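Note that my numbering numbers the sequence shown so that position 194 is 219, with each residue one more than the last.
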Amino acid sequence: HDFITMFALSLASVIASVAAAKAKVEEAAGSPILDALQAMATDIYQSTLGLAQDVAGLTLAAPRFSVDFYMWAVAHVRSAPTLAVKVYNGDDSTMNDFTSFAVYAAGVIFCVYVGVVALNLVLVLFTSVKDYFQGYLVLPTKIPIINQKLPELLMALRDDLQVEVFDRVRTFKCDKWIIPLEGQTGKPSLKGAVASLAMAMSACMMLSCAPAIHALVKSGADKAGAEAIAYTVGTALGLQYLAKQAA
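As structure tokens, then:
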């Protein structure tokens, strides 16, 4: 609740600042430079306003989602005795559902891991490039070539954009892993990413073998099926070894 309140206040502050900058530009429309700045300020204002509307919509939808989740949980709890009987009797359809869920979960887990690791690496790349070109993220206070100070109105707009947009970008850092699924600490790196992805690939490959292993267990000895499982599991274990070497 406190986080939502703080986020809403911060968002309202940004909207007010952008709206104020937009109003200042509109007061002196007509200059090509001011027209270009007005277009940028309008785009930023509309995007920020859209974000605020999305946050408000999600906040209002939270109670309904909570009720739906509760009903879903109760339905599964009520079906637990029936499920237990089916598992005890070795119901083939139920067993297949379990193995299918394992494959589904493997796909979700792997994709989430890949997405989170990629996000961290992209942010590290962005901050590295941004830090290198940090000097270019300071808006000028004078008109180039003629070295004349910006008009008062334009200077006020420049200061608002510098503080509310460019300074926020300049001070952005990515010194910690975002959603450290493996408990990673420190700054994200390629070395840490390789270890995380290798472990995720290994675990998900083993999970994806569940239907094949179940089929082999039901059908009995099958050389081709056993070799396929051994090859896949062996690859997964090899990835675990590489992950330990990279860690």
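No residue lacks a Cβ here, since even glycine has one placed at the ideal position from N, Cα and C. None of these values were measured; they are calculated from a predicted model.
Using 8 Å as the cut-off, can you tell me whether the stretch 252-271 makes contact with the stretch 219-233, which would need three or more C-beta pairs spanning the two stretches below that distance?
Taking a cut-off of 8 Å for Cβ pairs, the stretch 252-271 and the stretch 219-233 touch, as three or more such pairs fall below it.
For the alpha helix (DSSP H) that Glu177 lies in, which residues bound it at each end?
Within the sequence shown, numbered from 1, the residue matching residue 177 stands at position 152. Residues 177-186.
Euclidean distance between Cα positions of Phe28 and Glu189:
Residue mapping note: residue 28 aligns to position 3 of the sequence shown, counting from 1. Residue mapping note: residue 189 aligns to position 164 of the sequence shown, counting from 1. Residue confidence is low: Phe28 scores 47 on pLDDT, short of 50, so the model does not pin down where it sits. Its coordinate-derived value is still stated next. So the alpha carbons of these two residues sit roughly 21 Å apart.
Going straight from the alpha carbon of Leu241 to that of Glu252, what length do you get?
On the sequence shown, residue 241 is found 216 positions in, with the first residue counted as 1. On the sequence shown, residue 252 is found 227 positions in, with the first residue counted as 1. Using only the alpha carbons, I get a separation of about 11 Å.
Who pairs with Lys198 in a beta bridge, going by DSSP?
Indexing the sequence shown from 1 puts residue 198 at position 173. Answer is none; Lys198 lacks a bridge partner.
Proximity to Ala261 [Cα-Cα], best of Lys248, Lys155, Lys243, Ser233
Taking the first residue of the sequence shown as 1, we reach residue 261 at position 236. Minimum Cα-Cα distance from Ala261 among the listed residues Lys248, Lys155, Lys243, Ser233 corresponds to Ser233.
Local Cβ density within 10 Å of Val142, reported as buried at 16 or more and exposed below that
Residue 142 sits at position 117 when you count from the first residue of the sequence shown. Classification of Val142: buried, given that the 10 Å Cβ count is 16 or more.
What does the Cβ neighbour count give for Gly211, buried or exposed, with the cut at 16 atoms within 10 Å?
One-based indexing of the sequence shown puts residue 211 at position 186. Under this definition Gly211 is an exposed residue.
Segment limits, alpha helix (DSSP H) that includes Ser104
For this step, residue 104 is matched to residue 79 along the sequence shown. Per DSSP, Ser104 belongs to no alpha helix (DSSP H) and is neither H nor E.
Would Thr119 and Ala235 qualify as a contact pair, given that the criterion is a beta-carbon distance under 7 Å?
The sequence position of residue 119 within the sequence shown is 94, counting from 1. The sequence position of residue 235 within the sequence shown is 210, counting from 1. Against a cut-off of 7 Å, the Cβ pair of Ala235 and Thr119 comes out as no contact.
Check the C-beta distance from Val194 over to Leu162 and give it rounded, since I have them as a contact under 8 Å.
Along the sequence shown, one-based indexing puts residue 194 at 169. Along the sequence shown, one-based indexing puts residue 162 at 137. 6 Å between Cβ atoms; contact.
What is the rounded straight-line gap between the Cα of Gln159 and the Cα of Ala255?
Indexing the sequence shown from 1 puts residue 159 at position 134. Indexing the sequence shown from 1 puts residue 255 at position 230. So the alpha carbons of these two residues sit roughly 52 Å apart.
Simplified DSSP state of Lys248, which is helix, strand or coil
Position 223 of the sequence shown, counting from 1, holds the residue named residue 248. Residue state, collapsed to three classes: helix.
For Ser221, is the classification buried or exposed, using 16 other Cβ atoms within 10 angstroms of its Cβ as the cut-off for buried?
What you label residue 221 is simply residue 196 of the sequence shown in a count that begins at 1. By the 10 Å Cβ count, Ser221 comes out buried.
Coarse secondary structure for Lys155, derived from DSSP in three states:
Residue mapping note: residue 155 aligns to position 130 of the sequence shown, counting from 1. The three-state reading of DSSP puts Lys155 in helix, counting H, G and I together.
Quick one: using the 10 Å Cβ neighbour count with 16 as the cut-off for buried, is Trp202 buried or exposed?
Position 177 of the sequence shown holds residue 202. By the 16-neighbour rule on beta-carbons within 10 angstroms, Trp202 is buried.
Backbone CA spacing between Ile170 and Ala181 [nearest angstrom]
If you number the sequence shown from 1, residue 170 lands on position 145. If you number the sequence shown from 1, residue 181 lands on position 156. Rounded to the nearest angstrom, the two C-alpha atoms are 21 Å apart.
Is Ile254 helix, strand or coil by DSSP?
Position 229 of the sequence shown, counted from the first residue, corresponds to residue 254. Three-state result, Ile254: helix.
Could you give the DSSP three-state label for Lys212: helix, strand or coil?
For the purposes of this step, residue 212 is taken as residue 187 along the sequence shown, with counting starting at 1. Here Lys212 sits in coil by DSSP.
Simplified DSSP assignment, three categories, for Ile170
The residue labelled residue 170 in the question sits at position 145 within the sequence shown. Assignment of Ile170 by DSSP, reduced to helix, strand and coil, places it in the coil class.
So what does DSSP say about Val163, is it helix, strand or coil?
In the sequence shown, residue 163 corresponds to position 138, counting from 1. Reduced to three states, the DSSP call for Val163 is coil.
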